[in-house]
Structure formats: structure tokens, C-alpha cells
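Chains as they are written, first to last, in my numbering: chain B, 486 to 566; chain P, 486 to 566; chain G, 138 to 292; chain E, 138 to 292.
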Amino acid sequence: MTIKVLYFASLREQLGRSGDEFDFEKDKLSSMNIGNLWQYATSQSSFPEELLVAVNQEYTDQFALLNDGDEVAFFPPVTGG
Amino acid sequence: MTIKVLYFASLREQLGRSGDEFDFEKDKLSSMNIGNLWQYATSQSSFPEELLVAVNQEYTDQFALLNDGDEVAFFPPVTGG
Amino acid sequence: MGVGSTVPRKILIVEESFDPLWLQGDYEADSMGDKTDYGATANFIGTMRDFNEGDDVLSMTLEHYPAMTNKQLNEIVDQACEKWPIQNTLIVHRVGEIFPAESIVLVTVWSAHRNAAFDGCRFIMEALKHQAPFWKKESLSEGNTRWVAENTDGG
Amino acid sequence: MGVGSTVPRKILIVEESFDPLWLQGDYEADSMGDKTDYGATANFIGTMRDFNEGDDVLSMTLEHYPAMTNKQLNEIVDQACEKWPIQNTLIVHRVGEIFPAESIVLVTVWSAHRNAAFDGCRFIMEALKHQAPFWKKESLSEGNTRWVAENTDGG
Numbered sequence: 486m487t488i489k490v491l492y493f494a495s496l497r498e499q500l501g502r503s504g505d506e507f508d509f510e511k512d513k514l515s516s517m518n519i520g521n522l523w524q525y526a527t528s529q530s531s532f533p534e535e536l537l538v539a540v541n542q543e544y545t546d547q548f549a550l551l552n553d554g555d556e557v558a559f560f561p562p563v564t565g566g
Numbered sequence: 486m487t488i489k490v491l492y493f494a495s496l497r498e499q500l501g502r503s504g505d506e507f508d509f510e511k512d513k514l515s516s517m518n519i520g521n522l523w524q525y526a527t528s529q530s531s532f533p534e535e536l537l538v539a540v541n542q543e544y545t546d547q548f549a550l551l552n553d554g555d556e557v558a559f560f561p562p563v564t565g566g
Numbered sequence: 138m139g140v141g142s143t144v145p146r147k148i149l150i151v152e153e154s155f156d157p158l159w160l161q162g163d164y165e166a167d168s169m170g171d172k173t174d175y176g177a178t179a180n181f182i183g184t185m186r187d188f189n190e191g192d193d194v195l196s197m198t199l200e201h202y203p204a205m206t207n208k209q210l211n212e213i214v215d216q217a218c219e220k221w222p223i224q225n226t227l228i229v230h231r232v233g234e235i236f237p238a239e240s241i242v243l244v245t246v247w248s249a250h251r252n253a254a255f256d257g258c259r260f261i262m263e264a265l266k267h268q269a270p271f272w273k274k275e276s277l278s279e280g281n282t283r284w285v286a287e288n289t290d291g292g
Numbered sequence: 138m139g140v141g142s143t144v145p146r147k148i149l150i151v152e153e154s155f156d157p158l159w160l161q162g163d164y165e166a167d168s169m170g171d172k173t174d175y176g177a178t179a180n181f182i183g184t185m186r187d188f189n190e191g192d193d194v195l196s197m198t199l200e201h202y203p204a205m206t207n208k209q210l211n212e213i214v215d216q217a218c219e220k221w222p223i224q225n226t227l228i229v230h231r232v233g234e235i236f237p238a239e240s241i242v243l244v245t246v247w248s249a250h251r252n253a254a255f256d257g258c259r260f261i262m263e264a265l266k267h268q269a270p271f272w273k274k275e276s277l278s279e280g281n282t283r284w285v286a287e288n289t290d291g292g
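Written out as C-alpha cells, the structure reads:
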């Protein structure tokens, strides 16, 4: 069960990497939500209030569940335009 | 005492002319307002509700008074842009 | 007169077909070319359609009251500049005979901030439609002509 | 998917300096050149300023999340097209290193009616600012860099 994780902008710089690729057991993945993945990937105990998250390029929240092959992106508030 | 009157668009076509130039006695002019001028110039007894009027290129209404040398313009609703 | 009247602007009444984007670029290069403090430009282009009120329109003739047009458009820009922090404005309006797909009007507003550019551009455009002394006469495909009766709100 | 997704649009992410007015004219000629039924075009151009939060900004670097950028911008256009009768939309957004007075973003909306063009353009621009995954990092004149924290409403 593969999960691809991407980090952007200031978060990418803080973590010192632009992404991770994880291989979870099926049982473990089905018990995880986005908040758990964030803790697992970054060792940060809480989910920052302003942190944005997208699964497969669509916005979602920390309570969303995960599926095999998902691309999960964490990033700070967007500042385009 | 000279008053220049201009007519635009459909009003110009209805009247068959683009303007008039009137020379009034001082006493007569000082007793006239725009509504009176409209009647005098067009022989129309009432001031049409949608008719617009400008004196010296600024919008005003039928109750405004006149001064020597004024340029008075009557026209239908504007439709630019 | 308030601060509005000191804000730069260009107001152009043209009798020939014009390219609004080219005029905007040209004016921007001339009057804003050395500036790096505007963050927002909003424009509106009105284009002649080939239909109106259910009829095919072959061409239009735009009449105006030159002395008043200029005065009114300047006053409208002044009003916008007193409401919003506008840095520059360009207004171009066509007169004479005009054909479908040709540009009728361009309003461009430059500002440091996007709300001012959006609001200012729309304010000027609405005020122009309701106050500037222009009149449109349509030539219909049936061979007759008619004056456009009134501008609608936002139509 | 509603009617919105069938409305033509072009979404362009560019890594080099671009001329928004030229791109708009070029796209209009390509995709609207044979049309005589649009009466209103509204656009917004965002330009890099040389100051922000009281500091001199020498340049900016724009990062984005390519796969999501495209998806989000298309969804924003779809939403606009379901709200208003929009005929066509052009969005151009710059990424990479950018300097003062260069264009960051262009949003153009074509419609038969001016309210739809104005409202649609502004809706897309606001949604882009708050939803599209772009991030700006400023290089300041003191030699340091900083990430822009947040887009303001209409700033």
C-alpha cells in the first residue's frame, strides 16, 4: 500500500525535503487518517491550524481516510495571483 | 442675451434640426427656466419624463434658471458603452 | 476639486476602429513604464454584438456631444479616484459607424490594490453607460434603423 | 459535471516573462475570432510590485504544485461558468523567478453581458488567490528571503 506525500513552499524548506514515499501494511493504512499520516511523516504531534492538505489534488482535511496509491500534499496557505 | 440650444440623437431627428440659437430680452430670460425654454423652442407643452438636459455640459433639470450665453442641450437617455 | 482631479488619465474619443489591448499596452508603456508600484490592472472592453432585442444588427452609428462627453468622463474619473486609490485610468470610446465584433469602449484602471482596480473599473463603466452623452442607432437586417432606447443595468 | 465544464477556456502556467495583453489578443483571435455574439470582456492583470509590508522587494520566486494547479483552476472556471453565462476564459499564471513590473497573473472572461464578465473575472481571481496552489517567496533588499504568509482579501 503506497502513499506518496508532497511538501511545498515554507513547509518543504522546514522539513528539508519535498516529499516522502511510504509503504504501509494494509491494516495500518486502513486505520490511518490524514492527521495520523502527518504525525508519522513529520514527527509533529499536532496538525497546524493553517496547514492545508490535498489528496489526489483535491482539498480535504485531517480527518479524511487514505487509500492505496493516494498522493497527499501538505502546504501552507496559498499566495498566488 | 443669447441662449444656444442643442438637440441630440432621436430628439434631433424628431425636431429635424440639431440646434437653435435664441436672443432674448433680459427681462424675458430672467423669467424663464429650462422647462419654459423647452416649450418655447419645441412648441411641446410638457417636459417629457425621460428627457435629459444639460446646461454648459452639466446635467440639470427643468427648473434650473438661465443665464446669458448658456449652452443648453436636450437629449434622450444616453446609450453609450 | 478633490484629490481625484490630479490623478493621471487619458480619455480618447475615436472615429475609427481601435485595438483596445494595443492602446492599453501603448498607454501603459508611456505613462506607467517607469513605475513598479502598481500591482493591479483591471479593464473592460465593450464589443459590438450582431444582435439586440432579438433582431440582427448590421451596424451601429454612435453619436455624442463632444464638449460634454469629455467633461463628464473626466468627472467620472475624478469621482472614482476619490473613492479608491487609483493610479491611472484610460478610457477609449468609439463614435461613428461601427460593425459587429468591433470595440465600442475600453476602460482600464491601474492601482496598487486589486479591489481598487476592480471597483474603480466597474464604477467608471457603469457611470459612463448612464451619464456620458453617447447614443446608439442600430441598422437592422430588415433595412430599417432604430435608436437604442436605454442602457440596462449590467446588460 | 455541470454545464461549466463544457465552456472553452485556456489555462497557461508560464516560466518566462509574458505579455498579458498580447496573450489575450492572440487567444481572442484564435478562439473568438469568428464570433460576433460577445459584448463584454473583463480582465485583471496582477503585476509584481517592488514593495511589500514596508520592505523593498528585489524579486520573487513563485512555486506551485503543477498537477493540482491545473485541476483547481479548471474547477474554478467551471464554478464561474455555472454561476454566469461565460463564453470563454483565459488564465495565465507565472511561476519561477519574477521581477518588479513583470506580470504575475492574467484572468480574462468573455461574455455577452458585462455583469457576467465583471463578476466572473473577479470570482475567478479571488478563488485563484485563495485556492490555487501557488506560493511566493520574496527576496528583500537586505539580502534575506521570506515566504509571503497569506493573501489578503482584495489587497
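We treat Cβ as the ideally placed atom computed from N, Cα and C, and that holds for glycine.
Chain P places a beta carbon closer than 9 Å to that of A269/G, counting this residue as a contact. Listed in chain order, the positions of the segment 520-543 of chain B with a beta carbon within less than 7 Å of a beta carbon of chain E are A539 and Q542. Between E556/B and L491/B, the C-beta spacing is below 9 Å. Distance check between S495/B and each of E200/E, G183/E and A264/E places E200/E closest, using alpha-carbon atoms only. Using a CB distance below 8 Å, the part of the segment 174-195 of chain E facing chain G consists of D174, Y175, G176, A177, T178, A179, N180, F181, I182, G183, T184, M185, R186, D187 and F188, ordered along the chain. By the neighbour-count criterion, in which a residue is buried when 16 or more other Cβ atoms sit within 10 angstroms of its Cβ, F548/P is exposed. When DSSP states are grouped into helix, strand and coil, T173/G belongs to the coil group. Here N225/E is buried, its C-beta having at least 16 other C-beta atoms within 10 Å. Within the segment 235-255 of chain E, the residues whose Cβ lies closer than 8 Å to any Cβ of chain G are, in chain order, P237, A238, A249, H250, R251, N252, A254 and F255. What L500/B touches in chain E, judged by beta-carbon distance under 8 Å, is nothing: the nearest beta carbon there is about 14 Å away. Residue burial annotation: Q209/E is buried, with at least 16 other C-beta atoms found within 10 angstroms of its C-beta. A Cβ of chain P is located within less than 9 Å of the beta carbon of N288/G. A residue is called buried when at least 16 other Cβ atoms come within 10 angstroms of its Cβ; K511/B does not meet this threshold and is exposed.
For V557/P, there are no C-beta contacts with chain G under 7 Å, since the nearest C-beta of that chain is about 11 Å from it.
Residue pairing by DSSP places K220/E opposite no residue, since no beta bridge is assigned to it.
Within the same chain, Cβ atoms closer than 7 Å to the Cβ of L550/P are found at N518, the five residues on either side in sequence being excluded. Here R259/G is not near N211/G, since their CB atoms are 9 Å or more apart.
Between the alpha carbons of D215/E and V144/E lies a gap of roughly 8 Å. Around the Cβ of A166/G, a 10 Å sphere holds fewer than 16 other Cβ atoms; the residue is exposed. Pairing E152/E with R231/E gives a Cβ-Cβ distance under 9 Å. For S278/E, the secondary structure class from DSSP, reduced to helix, strand or coil, is coil.
Every alpha helix (DSSP H) stretch that sits fully inside the segment 149-205 of chain G and reaches 4 residues is listed by chain position as 157-169.
Any Cβ of chain E closer than 9 Å to the Cβ of D156/G would place that residue at the interface, and such an atom is present.
Rounded to whole angstroms, S248/E and Q499/B show a C-alpha spacing of 45 Å. By the criterion of at least three beta-carbon pairs nearer than 8 Å, the segment 526-534 of chain P is not in contact with the segment 169-176 of chain G.
Excluding five sequence positions before and after V246/E, the CB atoms of its chain that fall closer than 6 Å to its own CB belong to A179, I223, T226, A254, G257 and C258, given in chain order.
Residues of chain E with a Cβ closer than 9 Å to the Cβ of F548/B do not exist, since the nearest Cβ in that chain sits about 20 Å away.
Boundaries of the alpha helix (DSSP H) harbouring E498/B: A494 to L500, taken from the DSSP string. Note on K513/B: under 16 other CB atoms within 10 angstroms of its CB, so exposed under the neighbour-count rule. In the same chain as N207/G, and ignoring 5 residues on each side of it, the C-beta atoms closer than 7 Å to its own belong to I148, in chain order. Just so you know, the alpha carbons of G162/E and E239/G end up roughly 13 Å apart. The beta-carbon of S495/P is placed less than 9 Å from the nearest beta-carbon of chain G. S515/P and L537/P have their C-alpha atoms roughly 22 Å apart. Excluding sequence positions up to five before and after T289/E, its CB lies less than 8 Å from no other CB in the same chain. L158/E is positioned such that its CB atom lies closer than 9 Å to that of L158/G. Taking CB atoms only, F509/P has no neighbour in chain G less than 9 Å away.
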